[in-house]
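Asks: If you read the sequence shown in our numbering, its first letter stands for residue 10, the second for the next number, and so on.
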Amino acid sequence: MIEELRLKNFEGFKDEKITLTRGLNLITGRNSVGKTTILDAVVY
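#1: Would you call Leu-16 buried or exposed, if buried means 16 or more other Cβ atoms sit within 10 Å of its Cβ?
#2: Is Leu-16 helix, strand or coil by DSSP?
#3: Cα separation between Phe-22 and Asn-40?
#4: So Gly-27 is in the beta strand (DSSP E); what residue range does that whole segment cover?
#5: Taking the alpha helix (DSSP H) that Thr-37 falls in, what are its first and last residues?
Here's what the structure looks like:
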């Protein structure tokens, strides 16, 4: 299970830590804030 994502100099993220919890995690936000970029980081 992925517990944490660390995005460092990845597309628009300079240094971001995203902690995931057990079960379902939702990524929500306005347009052009990086939701798809977070998913791209998981696939990368």
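Glycine included, every Cβ here is placed at the ideal spot set by N, Cα and C.
Replies: Considering the structure as presented:
#1: Counting from one through the sequence shown, the residue named residue 16 turns up at place 7. With 16 or more other Cβ atoms within 10 Å, it is buried.
#2: For the purposes of this step, residue 16 is identified with residue 7 of the sequence shown, where counting begins at 1. DSSP places Leu-16 in strand when its eight states are reduced to three.
#3: Your numbering for residue 22 matches position 13 in the sequence shown. Your numbering for residue 40 matches position 31 in the sequence shown. Taking the straight line from one Cα to the other gives about 15 Å.
#4: Working through the sequence shown from its first residue, we reach residue 27 at position 18. Inspection of the sequence shows that residue 27 is occupied by Ile rather than by Gly. It spans 22-28 - the beta strand (DSSP E) in which Ile-27 sits, taken as one unbroken run.
#5: By one-based count along the sequence shown, residue 37 stands at place 28. Here Thr-37 belongs to no alpha helix (DSSP H), and DSSP marks it neither H nor E.
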